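Please read the structure below before turning to the comments.
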Amino acid sequence: MRDAHEEAITVLAEIGLLLAMAVSVTIGPGLYPALTAVLSMAVIAVPWGLRRAKGFDLPWPITLAAAIVLLLHSWGIALYLYNDWFWWDKITHIAAAFVLSLIAALILMSIDKWFPGTCIPCRMVPVFTFMAVVCMGVFWEMLEFFFDGTMGITMQYSVNDTAIDLTIDMIGAALAALAISPQADRMEEASHRTFGITGNGPMRCGSCRPGSPGQSGRSK
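See below:
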């Protein structure tokens with residue numbers, strides 16, 4: 037069932053993004069809107085490709101949320117909604133921060149797959165998730181400055197706009213952190229399915245499972 041959901045989401049999102057690219061080429065000056073749609077098409081295909089190549093099982097609701105964010109972003113650029121409606125940029129930023137927070141939490145809860153012995157206590161996962169997404173937001177704003185300077189586009193409108201974007205990113209990350217806290221056990225189960233982690237005994241939030249090298253350092 038999850039495969040069917042993911043395939044349907046991927047196909048519908050790709051169609052929507054293809055239409056956004058066609059509209060961008062037809063009515064939009066320059067290549068930036070069309071390239072944005074093409075890049076979004078590549079990004080939304082990543083979960084589908086990872087499932088088949090590596091067996092990663094990203095929960096389909098997160099795939100759906102990511103598809104919605106990419107569609108909002110691509111159509112916002114294609115139809116000049118970022119210029120015509122002030123709140124469009126804020127909606128996409130807060131939604132993107134929320135989705136990135138969920139993905140970051142999945143990775144943090146399975147961090148011992150790549151770093152054996154590393155243990156992140158359950159109560160700290162939302163904190164680290166918030167910090168990671170804020171850092172990604174800062175990195176994105178730096179990229180906007182870079183692309184504006186090297187390609188002559190206008191991704192970044194002003195220093196004030198950057199400050200507002202970072203504030204919105206923090207709000208989205210904070211909302212996700214609040215949502216993650218009461219769902220930690222379910223999130224950990226999802227993270228282990230996503231990255232193919234198996235273990236004996238019940239799972240413990242923060243990837244500190246019985247018998248793992250990091251269990252002795254787990255915060256109670």
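Numbering (the working numbering), first residue to last: 37 to 256.
Glycine included, every Cβ here is placed at the ideal spot set by N, Cα and C.
Quantities reported herein were computed from a predicted structural model and do not represent experimental measurements.
With respect to the alpha helix (DSSP H) encompassing Pro162, which residues constitute its N-terminal and C-terminal limits? Here residue 162 refers to the residue found at position 126 when the sequence shown is read from its first residue. Segment Val161 to Met187, the alpha helix (DSSP H) holding Pro162.
Three CB pairs or more closer than 8 Å across the segment 206 to 216 and the segment 166 to 185: yes
How is the alpha helix (DSSP H) around Ser146 delimited, first residue to last? Counting from 1 along the sequence shown, the entry for residue 146 is found at position 110. Where Ser146 is concerned, there is no enclosing alpha helix (DSSP H), given that its DSSP letter is neither H nor E.
I'd like the span of the alpha helix (DSSP H) that includes Gly153, first residue to last. For this step, residue 153 is matched to residue 117 along the sequence shown. Per DSSP, Gly153 belongs to no alpha helix (DSSP H) and is neither H nor E.
With C-beta atoms as the reference, is Gly52 less than 8 Å away from Leu117? Position 16 of the sequence shown holds residue 52. Position 81 of the sequence shown holds residue 117. Not closer than 8 Å, so no.
Are the segment 99 to 113 and the segment 175 to 187 in contact at 8 Å, needing three or more beta carbon pairs? no
Expressed to the nearest angstrom, what Euclidean distance is found between the alpha-carbon atoms of Met145 and Ile113? Numbered from its first residue, the sequence shown carries residue 145 at position 109. Numbered from its first residue, the sequence shown carries residue 113 at position 77. Approximately 35 Å, taken between the alpha carbons.
Boundaries of the alpha helix (DSSP H) in which Pro97 is found, first to last residue: Locating residue 97 in the sequence shown gives position 61, where the first residue counts as 1. Run containing Pro97: Trp96 to Ala114, per the alpha helix (DSSP H) assignment.
Are Ala103 and Ile45 close, meaning C-beta to C-beta below 8 Å? Indexing the sequence shown from 1 puts residue 103 at position 67. Indexing the sequence shown from 1 puts residue 45 at position 9. Cβ atoms of Ala103 and Ile45: closer than 8 Å.
How many Å lie between Asp39 and Asp125 at the Cα? Mapped onto the sequence shown, residue 39 falls at position 3. Mapped onto the sequence shown, residue 125 falls at position 89. Cα-Cα distance, rounded: 32 Å.
Pick out whichever of Val161, Leu100, Leu115 and Ile147 has its Cα sitting closest to the Cα of Ala132. Walking along the sequence shown from the start, residue 132 turns up at place 96. It is Leu100.
To the nearest angstrom, report how far apart Arg159 and Gly153 are at their CA atoms. Residue mapping note: residue 159 aligns to position 123 of the sequence shown, counting from 1. Residue mapping note: residue 153 aligns to position 117 of the sequence shown, counting from 1. Those two C-alpha atoms are separated by around 18 Å.
Name the residue from Ile216, Val195 and Pro97 whose alpha carbon lies nearest to the alpha carbon of Phe164. Translated into the one-based positions of the sequence shown, residue 164 becomes position 128. For Phe164, the nearest C-alpha among the options comes from Ile216.
Note the first and the last residue of the continuous alpha helix (DSSP H) segment covering Ser76. Here residue 76 refers to the residue found at position 40 when the sequence shown is read from its first residue. Element bounds for Ser76: Tyr68 to Ile80.
Cα-Cα, which of Phe181, Met178 and Glu43 is closest to Trp96? For the purposes of this step, residue 96 is taken as the residue at position 60 of the sequence shown. The shortest Cα separation from Trp96 among Phe181, Met178 and Glu43 belongs to Glu43.
C-alpha gap between Leu67 and Pro218, whole angstroms: Locating residue 67 in the sequence shown gives position 31, counting from the first residue. Locating residue 218 in the sequence shown gives position 182, counting from the first residue. Cα-Cα distance, rounded: 44 Å.
For Ile80, tell me which candidate among Val59, Glu50 and Leu94 has the shortest Cα-Cα distance. Looking up residue 80 in the sequence shown gives position 44. Of the listed residues, the one whose Cα sits closest to Ile80 is Glu50.
Does the beta-carbon of Ala212 have 16 or more other beta-carbons within 10 angstroms, so that it is buried, or is it exposed? Taking the first residue of the sequence shown as 1, we reach residue 212 at position 176. Looking at its Cβ environment, which holds 16 or more other Cβ atoms inside 10 Å, Ala212 is buried.
Is it buried or exposed for Thr128, if we count other Cβ within 10 angstroms and need 16 for buried? Taking the sequence shown and counting its residues from 1, the one referred to as residue 128 is at position 92. Per the 10 Å Cβ criterion, buried.
CA-CA distance, Cys155 and Phe134? Here residue 155 refers to the residue found at position 119 when the sequence shown is read from its first residue. Here residue 134 refers to the residue found at position 98 when the sequence shown is read from its first residue. Cα-Cα distance, rounded: 24 Å.
Taking the alpha carbon of Leu115 as the reference point, which residue from Ala56, Ala210 and Leu48 has its own alpha carbon closest? Here residue 115 refers to the residue found at position 79 of the sequence shown. Of Ala56, Ala210 and Leu48, the residue nearest in Cα terms is Ala56.
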